[in-house]
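J.: Everything in the sequence shown is counted per the UniProt record's numbering, starting at 1 for the first residue and increasing by one.
Backbone N, C-alpha and C fix where the C-beta goes; we use that ideal spot for every residue, glycine too.
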Amino acid sequence: MSTIPKPAPVIGARTIELAARRGLRQSRLMQIALISATWWTATGVVHLLALPVPAGIVGMAFALLLLATRRISLFALRRGAEWFVGEMMLFFVPAVVSVLDHPELIGRLGAELLLIVVLSTLAVMTVTALTVELFYHWRTRHVRP
Numbered sequence: 001m002s003t004i005p006k007p008a009p010v011i012g013a014r015t016i017e018l019a020a021r022r023g024l025r026q027s028r029l030m031q032i033a034l035i036s037a038t039w040w041t042a043t044g045v046v047h048l049l050a051l052p053v054p055a056g057i058v059g060m061a062f063a064l065l066l067l068a069t070r071r072i073s074l075f076a077l078r079r080g081a082e083w084f085v086g087e088m089m090l091f092f093v094p095a096v097v098s099v100l101d102h103p104e105l106i107g108r109l110g111a112e113l114l115l116i117v118v119l120s121t122l123a124v125m126t127v128t129a130l131t132v133e134l135f136y137h138w139r140t141r142h143v144r145p
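(1) Would you decide whether Val58 is buried or exposed? Buried here means 16 or more other CB atoms lie within 10 Å of its CB.
(2) Excluding five sequence neighbours on each side, which residues of the same chain lie with their C-beta closer than 8 Å to the C-beta of Leu24?
(3) What are the start and end residues of the alpha helix (DSSP H) that includes Met60?
(4) Taking 7 Å as the threshold (C-beta atoms), are Ala37 and Val46 in contact?
(5) Quick one: what does DSSP say Ser98 is sitting in, helix, strand or coil?
(6) Would Gly80 pass as a contact of Arg28 if the rule is Cβ separation under 7 Å?
(7) Return the first residue and the last residue of the alpha helix (DSSP H) that Ser120 is part of.
(8) State the Cα-Cα distance for the pair Ile11 and Leu18, rounded to the nearest angstrom.
(9) Beta carbon of Val99, beta carbon of Leu105: below 7 Å?
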């Protein structure tokens with residue numbers, strides 16, 4: 001008596017779509033990737049069509065279109081958008097304000113300051129590494145087990 005193997009279950013497109021939507025709602029990283037992909041797409045469209053509109057506006061229009069056609073829900077973007085807003089305040093705004101207050105930072109003075117910061121950072125790292133290395137060798141020679 002032989003048994004006939006059961007065929008593997010067929011996974012439909014709807015099942016895959018529902019799983020992707022569920023994963024998108026639960027993953028902040030996927031939401032950040034979707035928002036970034038929307039922005040990159042908008043940037044490409046603006047450059048390709050030579051539109052006189054900022055890519056951010058086109059990206060918001062894409063996002064609105066996705067929301068209006070229910071291809072994506074608001075909850076699928078919420079956590080990623082909250083992360084972007086939180087990080088924008090930390091990194092983007094202070095840097096822009098300081099550059100606006102000191103436009104000379106964009107020119108030669110800014111390049112010189114950047115060079116000084118990079119060289120001094122390398123010097124501190126080198127001296128620290130040498131000090132740790134010397135102390136390690138001194139300790140292995142002078143400390144008895």
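T.: Concretely, from the data shown:
(1) buried
(2) Met30, Gln31, Leu34, Ile72, Ala76
(3) 55 to 68
(4) no
(5) helix
(6) yes
(7) 108 to 142
(8) 11 Å
(9) yes
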